Amino acid sequence: MRINKDQIEEQNKENLSSHRDRFNFLGDTLSKDDKDVNTIIQKLEKFQVAIPSWALGAGGTRFGRFGFQGEPSTLEQKIDDVGLLHKLTQTAGAISLHIPWDVPKDYAAIKELANSHDIVFDAVNSNTFQDQKDAAESYKYGSLSNTSKGSREQAIAHNIEVIKIGDKLGSKSLTVWLADGANFPGQSNFQTALNHTQDSLKDIYKALPNDWKLFIEYKPYEPNFYSTVIQDWGTSFMLANECGEKAFSLVDLGHHLPNTNIEQIVSTLMLKGKLGGFHFNDSKYGDDDLTVGSVKPYALFLIFNALVYGMENNPQNPYPAWMIDASHNVKDPLEDLIQSLEAIQEAYAKALLVDQKLLTEAQLNHDVVRCQEILQDAYRTDVRPLLEKARLNSGGVISPINAYRSLTVRKELIKERGANSVATGL
Ligand SMILES: [Mn+2]
Numbered sequence: 002m003r004i005n006k007d008q009i010e011e012q013n014k015e016n017l018s019s020h021r022d023r024f025n026f027l028g029d030t031l032s033k034d035d036k037d038v039n040t041i042i043q044k045l046e047k048f049q050v051a052i053p054s055w056a057l058g059a060g061g062t063r064f065g066r067f068g069f070q071g072e073p074s075t076l077e078q079k080i081d082d083v084g085l086l087h088k089l090t091q092t093a094g095a096i097s098l099h100i101p102w103d104v105p106k107d108y109a110a111i112k113e114l115a116n117s118h119d120i121v122f123d124a125v126n127s128n129t130f131q132d133q134k135d136a137a138e139s140y141k142y143g144s145l146s147n148t149s150k151g152s153r154e155q156a157i158a159h160n161i162e163v164i165k166i167g168d169k170l171g172s173k174s175l176t177v178w179l180a181d182g183a184n185f186p187g188q189s190n191f192q193t194a195l196n197h198t199q200d201s202l203k204d205i206y207k208a209l210p211n212d213w214k215l216f217i218e219y220k221p222y223e224p225n226f227y228s229t230v231i232q233d234w235g236t237s238f239m240l241a242n243e244c245g246e247k248a249f250s251l252v253d254l255g256h257h258l259p260n261t262n263i264e265q266i267v268s269t270l271m272l273k274g275k276l277g278g279f280h281f282n283d284s285k286y287g288d289d290d291l292t293v294g295s296v297k298p299y300a301l302f303l304i305f306n307a308l309v310y311g312m313e314n315n316p317q318n319p320y321p322a323w324m325i326d327a328s329h330n331v332k333d334p335l336e337d338l339i340q341s342l343e344a345i346q347e348a349y350a351k352a353l354l355v356d357q358k359l360l361t362e363a364q365l366n367h368d369v370v371r372c373q374e375i376l377q378d379a380y381r382t383d384v385r386p387l388l389e390k391a392r393l394n395s396g397g398v399i400s401p402i403n404a405y406r407s408l409t410v411r412k413e414l415i416k417e418r419g420a421n422s423v424a425t426g427l
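Numbered by the working numbering, the letters in the sequence shown go through residues 2 to 427 in order.
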């Protein structure tokens with residue numbers, strides 16, 4: 002299914018007048034406050050978030066998985082799904098592939114398909130957290146950190162293969178997330194595991210093309226429950242530094258112990274020029290799977306405030322690669338992703354409203370109350386008309402969720418793909 006321009010216009014027709022009223026009111030209010038509304042809208046238009054190829058089907062837990070009808074079962078269909086998201090939101094202009102779940106057969110055709118949806122290939126993701134059929138070595142006791150040289154070498158070779166696949170598609174970065182760790186005290190030697198990981202990452206780093214980046218993701222626990230080799234930002238940062246200037250840390254929102262100050266981590270990494278990528282999701286307890294902004298929208302805003310500050314003040318840090326990394330257990334994955342994209346843009350717009358000059362002044366005057374007022378004034382602003390305007394300017398719809406339902410997208414996909422199609426993924 003493809004959504005055409007006429008359908009977009011038809012969708013917008015009935016919402017246009019109420020959008021204009023709300024936009025004009027907000028625009029006037031913000032302009033009186035000396036906010037540059039047009040610049041904010043331009044920034045929203047430019048902000049693109051990659052959709053991972055594994056998140057377009059229903060997710061699940063180790064207890065079970067409840068499928069969602071009409072799931073994309075091929076890479077082509079996954080790209081089509083991202084195309085639908087991008088058509089409506091104009092915010093999902095990239096896809097992040099998982100290898101080996103999504104190895105293209107015909108590279109030229111896949112590139113052409115993505116291009117026809119106005120989608121580029123963002124970071125490619127390797128997989129050494131499960132054994133592949135017919136693999137010579139096992140990752141049961143680790144991959145890049147394994148005490149077995151054979152397992153390490155297989156994992157390094159896989160990552161180098163992923164770089165080659167990504168290179169053919171125009172990707173410019175490799176994300177490594179390691180499941181390596183231990184389930185029981187005494188199971189592995191921490192220092193040996195870290196040394197092996199460092200050496201393995203250096204070998205992968207050597208295979209990076211000059212214009213590529215290596216992103217090192219961290220996670221405190223799961224699938225291992227006693228220790229994880231790359232468990233926190235400090236370890237990731239240290240490994241990235243050891244690898245070299247093309248290696249960076251990647252922050253995944255859900256990969257922190259409860260109440261971790263993520264905005265402070267972001268600030269530190271950007272100051273040191275080492276924040277390469279960012280994965281969005283939300284969580285209530287210790288998982289990384291919920292819709293962005295569904296549980297802790299204020300925390301997301303504070304993180305974006307740190308990201309915006311870094312993007313404006315840290316030229317030493319590259320522009321981060323943005324991706325949604327969530328799982329959709331009970332919602333239609335496409336609707337869930339639309340909600341996440343909206344939450345991301347909302348937090349970004351609110352962060353752009355923070356008057357950094359006034360905030361610095363208040364900080365220097367130790368006016369703590371004023372500091373909080375400045376942040377919360379921005380947070381309490383209903384910025385949704387700005388998002389709508391940005392989408393309209395780019396050819397998207399005013400209300401993506403309503404348009405998705407009104408165009409009966411899922412029904413069409415079930416008609417095309419059948420009720421029982423299953424996507425590879427989480
Ligand atoms: Mn992630």
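Quick reminder that beta carbons are idealized off the backbone N, C-alpha and C, glycines included.
What you are looking at is a predicted structure, and each value in this text was computed from that prediction instead of being measured.
Alpha-carbon spacing of residue i relative to residue j, whole angstroms
| i | j | result |
| --- | --- | --- |
| residue 70 | residue 420 | 4 Å |
| residue 243 | residue 202 | 9 Å |
| residue 123 | residue 18 | 37 Å |
| residue 412 | residue 78 | 15 Å |
| residue 403 | residue 21 | 18 Å |
| residue 149 | residue 129 | 14 Å |
| residue 381 | residue 103 | 41 Å |
| residue 113 | residue 172 | 14 Å |
| residue 121 | residue 260 | 35 Å |
| residue 198 | residue 146 | 5 Å |
| residue 369 | residue 375 | 10 Å |
| residue 178 | residue 217 | 6 Å |
| residue 246 | residue 16 | 48 Å |
| residue 143 | residue 277 | 25 Å |
| residue 66 | residue 423 | 11 Å |
| residue 234 | residue 7 | 47 Å |
| residue 93 | residue 342 | 8 Å |
| residue 51 | residue 410 | 21 Å |
Own chain partners of residue i with C-beta closer than 7 Å, once the 5 adjacent residues on each side are dropped
| i | result |
| --- | --- |
| residue 168 | 210 |
| residue 296 | 283, 284 and 285 |
| residue 183 | 189, 225, 227 and 228 |
| residue 208 | 161 and 164 |
| residue 414 | 2 and 71 |
Own chain partners of residue i with C-beta closer than 8 Å, once the 5 adjacent residues on each side are dropped
| i | result |
| --- | --- |
| residue 185 | 227 |
| residue 118 | 80, 81, 83, 84, 87 and 88 |
| residue 137 | 151 and 155 |
| residue 315 | 271, 272 and 274 |
Option nearest residue i by Cα separation, candidates the options
| i | options | result |
| --- | --- | --- |
| residue 1 | 216, 325, 224 and 355 | Residue 1 is absent from the model: the chain starts at 2 and stops at 427. |
| residue 401 | 158, 225, 200 and 389 | 389 |
| residue 347 | 371, 392 and 103 | 392 |
| residue 194 | 161, 162, 240 and 163 | 240 |
| residue 238 | 90, 250 and 232 | 250 |
| residue 14 | 399, 103, 61 and 51 | 399 |
| residue 212 | 248, 396, 263 and 153 | 248 |
| residue 257 | 221, 62 and 246 | 221 |
| residue 287 | 7, 422, 394 and 255 | 255 |
| residue 293 | 339, 385, 230 and 308 | 339 |
| residue 313 | 358, 418 and 377 | 358 |
| residue 354 | 101, 214, 386 and 306 | 306 |
| residue 170 | 141, 422 and 105 | 105 |
| residue 157 | 127, 63 and 48 | 127 |
| residue 133 | 107, 101, 377 and 125 | 101 |
| residue 49 | 410, 395 and 425 | 395 |
| residue 9 | 425, 417, 418 and 407 | 407 |
| residue 4 | 405, 425 and 416 | 405 |
| residue 176 | 153, 196 and 205 | 205 |
Contact set for residue i: own chain, Cβ-Cβ below 6 Å, skip 5 residues either direction
| i | result |
| --- | --- |
| residue 280 | 253, 324 and 326 |
| residue 262 | none |
| residue 24 | 386 and 390 |
| residue 264 | 303, 304 and 307 |
| residue 31 | 38 |
Any 3 or more C-beta pairs closer than 8 Å across the segment 327-334 and the segment 51-67: yes
Runs of alpha helix (DSSP H) wholly within the segment 125-208 (minimum 4 residues, chain order): 150-170 and 191-207
Inside the segment 315-356 only - alpha helix (DSSP H) runs reaching at least 4 residues: 334-354
Cβ contact (3+ pairs, closer than 8 Å) linking the segment 38-55 and the segment 90-99: yes
contact_flag[the segment 313-320, the segment 27-44] where n(CB pairs < 8 Å) is 3 or more: no
Cβ contact check for the segment 62-76 and the segment 348-355: 3 or more pairs under 8 Å: no
Contact between the segment 298-314 and the segment 26-37 (3+ Cβ pairs under 8 Å): no
Runs of beta strand (DSSP E) lying entirely within the segment 74-105, each at least 3 residues, in chain order: 95-97
Sequence ranges, alpha helix (DSSP H) only - wholly within the segment 353-394, length at least 4: 357-365 and 369-380
Inside the segment 207-285 only - alpha helix (DSSP H) runs reaching at least 4 residues: 234-244 and 263-272
Sequence ranges, alpha helix (DSSP H) only - wholly within the segment 2-59, length at least 4: 6-14, 17-33 and 38-47
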